[in-house]
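In the UniProt record's numbering, the protein residues as written are 5 to 517. Everything on this sheet refers to the single structure shown next.
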Ligand code: NAD
């Protein structure tokens with residue numbers, strides 16, 4: 005890591021190296037147990053973090069509550085100015101933060117920079133939005149009355165995030181929440197705590213420079229236990245949780261039990277339908293990037309290819325040849341296409357999935373395996389695999405967070421492919437590769453894809469921030485980032501104003517005294 009300038013990057017982001025002590029992040033009050041962050045890139049201990057104890061958590065919540073009382077009074081465009089400054093700070097720190105993302109999480113450096121770019125993009129989006137938090141006006145049924153709606157800040161937004169997008173998901177939530185007048189309490193994944201601290205240190209600088217209360221952005225370090233404190237805390241009206249469906253079900257029930265709101269971004273089982281009219285070259289690029297990018301650890305990673313029987317062999321051969329070109333190794337080295345999985349536990353899950361699919365009758369087309377030897381000392385590097393399978397296999401129905409691509413064959417019309425595509429419990433991202441207008445439109449129609457994201461002639465991964473992001477069914481139903489996703493971060497109020505001297509009642513009801 006030294007040769008890629010990690011030491012300088014950590015110093016720039018305010019993270020202490022092992023010899024310098026433990027890091028906590030500004031305003032995290034962390035005095036709990038030590039959490040160590042090891043890099044999946046080289047297996048080295050990067051730094052130690054102090055976790056948030058229950059007593060620390062109370063302090064965090066108090067600062068957040070106090071900060072909200074002040075922050076909500078600041079006009080939205082001025083809150084936008086804070087987010088603009090934050091975007092500028094991210095521009096200055098893009099290289100250092102992108103490197104840390106790559107080193108702590110294991111995604112390629114390009115993708116690490118891409119993640120920080122996404123943060124900058126959502127800041128720009130939020131700045132414009134800070135002048136557009138519009139409500140509607142309605143015509144009252146009563147004379148001399150006016151009706152309108154307005155959006156007020158909600159309060160404290162709790163963010164629980166996953167390891168695979170260790171910085172971008174936080175910004176998708178915070179950039180919008182802040183312009184909406186909310187304050188944020190963030191619990192990053194315990195697998196990527198340093199990314200959390202780095203982000204917190206960057207925003208804390210902006211807050212300090214503007215003499216604002218530090219509780220506008222709070223950090224909580226730790227595992228699911230502090231996540232549970234947040235889910236059960238009625239001082240947090242909205243919990244935005246990104247991660248596995250297993251986690252989402254637990255968090256959603258805890259939040260629902262106190263009638264709070266939750267925004268859930270959970271697992272996917274994304275597929276690309278490849279019809280006889282598909283451009284094969286485009287299909288291969290989209291499918292291979294979708295399946296092996298981030299080592300198959302994107303919620304939108306391509307897990308299933310649903311290929312028409314007439315072109316099945318052609319697509320399969322082209323995929324095998326493309327997989328033969330893949331370079332697996334240190335993600336900080338831009339020559340490599342595929343980096344490591346997050347940890348050895350993920351490697352075990354990958355190996356088990358491959359065993360299971362074979363046991364269920366799958367046919368291995370590109371053999372996987374765990375890599376060892378020079379450059380692979382962390383034990384987290386695996387070979388991307390391709391397996392011919394059936395959609396009904398239990399393992400195909402399940403999201404395996406690793407580079408395993410299943411080939412499924414369909415015959416007849418595109419309706420059959422759509423049925424396979426929709427025949428899983430998850431509903432995040434989907435795509436069709438076709439030059440046939442009828443097939444494309446059918447795929448996007450009411451009888452088409454049942455996912456939150458449906459693309460034509462683009463793969464399943466790599467969403468832009470301008471659209472609302474999220475999925476249906478066990479993906480959780482939440483939407484964040486662009487479009488009107490901001491509305492969940494505010495409370496809507498309907499106002500009726502009477503400017504006459506009488507009091508007519510709605511629905512013509514008479515009530516004379
Ligand atoms: P995970 O569910 O193990 O952990 C996610 C976060 O939830 C972590 O911060 C963790 O500490 C916390 N957590 C776990 N159990 C909890 C509990 N009982 N109460 C409160 N908090 C709890 O997920 P992961 O392995 O970090 O991430 C991979 C998963 O995330 C995949 O399923 C992926 O598809 C999903 N994901 C979804 C999206 C999306 O936008 N839909 C985006 C990224 C990742």
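Glycine included, every Cβ here is placed at the ideal spot set by N, Cα and C. On a predicted model such as this, the values are computed, not experimentally measured, just so you know.
When every heavy atom of the ligand NAD is checked, does at least one fall within less than 7 angstroms of the C-beta of residue i?
i, result
"residue 1", "Residue 1 lies beyond the stretch modelled for the chain, which goes from 5 to 517, so this question has no answer here."
"residue 58", "no"
"residue 110", "no"
"residue 250", "yes"
"residue 39", "no"
"residue 255", "yes"
"residue 485", "no"
"residue 173", "yes"
"residue 193", "yes"
"residue 1", "For residue 1 there is no data in the structure shown, the boundaries of the chain being 5 and 517."
"residue 232", "yes"
"residue 223", "no"
"residue 404", "no"
"residue 165", "yes"
"residue 479", "yes"
"residue 42", "no"
"residue 235", "yes"
"residue 269", "yes"
"residue 177", "no"
"residue 72", "no"
"residue 246", "yes"
"residue 169", "yes"
"residue 180", "no"
"residue 227", "yes"
"residue 432", "yes"
"residue 272", "yes"
"residue 294", "no"
"residue 300", "no"
How would you write the range of the alpha helix (DSSP H) that residue i sits in, first residue to last?
i, result
"residue 361", "348 to 363"
"residue 520", "A query on residue 520 cannot be resolved here, the shown segment of the chain reaching from 5 to 517 and no further."
"residue 230", "228 to 235"
"residue 71", "58 to 75"
"residue 334", "Per DSSP, residue 334 belongs to no alpha helix (DSSP H) and is neither H nor E."
"residue 175", "172 to 183"
"residue 153", "Premise fails: residue 153 lies in the beta strand (DSSP E), 149 to 157, not in any alpha helix (DSSP H)."
"residue 435", "Counting along the chain, residue 435 falls outside any alpha helix (DSSP H), though it belongs to the beta strand (DSSP E) covering 433 to 437."
"residue 95", "80 to 109"
"residue 294", "284 to 296"
"residue 450", "Counting along the chain, residue 450 falls outside any alpha helix (DSSP H), and DSSP gives it neither H nor E."
"residue 11", "10 to 16"
"residue 425", "418 to 426"
"residue 467", "No alpha helix (DSSP H) contains residue 467, which DSSP labels as neither H nor E."
In terms of DSSP beta bridges, what is residue i paired with?
i, result
"residue 244", "163, 267"
"residue 42", "49"
"residue 387", "373"
"residue 473", "484"
"residue 392", "367, 411"
"residue 342", "332"
"residue 27", "53"
"residue 505", "For residue 505, which the question treats as bridged, DSSP gives no partner whatsoever."
"residue 430", "477"
Could you confirm whether any beta carbon from chain C is found closer than 8 angstroms to the beta carbon of residue i?
i, result
"residue 74", "The chain labelled as chain C is not found in the depicted structure, where only one protein chain is given."
The beta strand (DSSP E) that contains residue i, what's its start and end?
i, result
"residue 274", "274 to 278"
"residue 498", "494 to 502"
"residue 190", "187 to 191"
"residue 223", "221 to 223"
"residue 409", "408 to 414"
"residue 459", "457 to 460"
"residue 201", "That residue, residue 201, is in no beta strand (DSSP E); its alpha helix (DSSP H) goes 197 to 213."
"residue 310", "306 to 312"
- Message: If contact is defined by three or more beta carbon pairs under 8 angstroms, each pair taking one atom from either stretch, is the region 28 to 45 in contact with the region 96 to 113?
- Response: yes
- Item | Three-pair Cβ contact test at 8 angstroms for the region 411 to 426 versus the region 439 to 448 | yes
- Specify whether the region 163 to 181 and the region 244 to 259 touch according to this definition: at least 3 beta carbon pairs, one from each stretch, less than 8 angstroms apart. yes
- Mind the definition here: the region 353 to 362 touches the region 393 to 400 only if three or more C-beta pairs lie below 8 angstroms; say whether that holds. yes
- Query: Are the region 309 to 319 and the region 154 to 167 touching, with three or more C-beta to C-beta distances below 8 angstroms?
  - Reply: no
- Do three or more CB pairs link the region 429 to 440 to the region 321 to 331 at distances below 8 angstroms? no
- Stretch-stretch touch, CB-based, cutoff 8 angstroms, three pairs: the region 251 to 263 with the region 288 to 297: no
- Give a yes or no on contact between the region 369 to 377 and the region 210 to 222, applying the rule of three or more CB pairs nearer than 8 angstroms. no
- Specify whether the region 269 to 289 and the region 452 to 465 touch according to this definition: at least 3 beta carbon pairs, one from each stretch, less than 8 angstroms apart. yes
- Message: Tell me whether the region 192 to 210 and the region 46 to 65 touch, counting them as touching only if at least three CB pairs, one residue from each stretch, are closer than 8 angstroms.
- Response: yes
- Can you find at least 3 beta carbon pairs, one from the region 493 to 504 and one from the region 146 to 159, that sit closer than 8 angstroms? yes
- Using 8 angstroms as the Cβ pair cut-off and three pairs as the minimum, do the region 218 to 236 and the region 187 to 194 touch? yes
- Task: Mind the definition here: the region 263 to 283 touches the region 472 to 483 only if three or more C-beta pairs lie below 8 angstroms; say whether that holds.
- Result: yes
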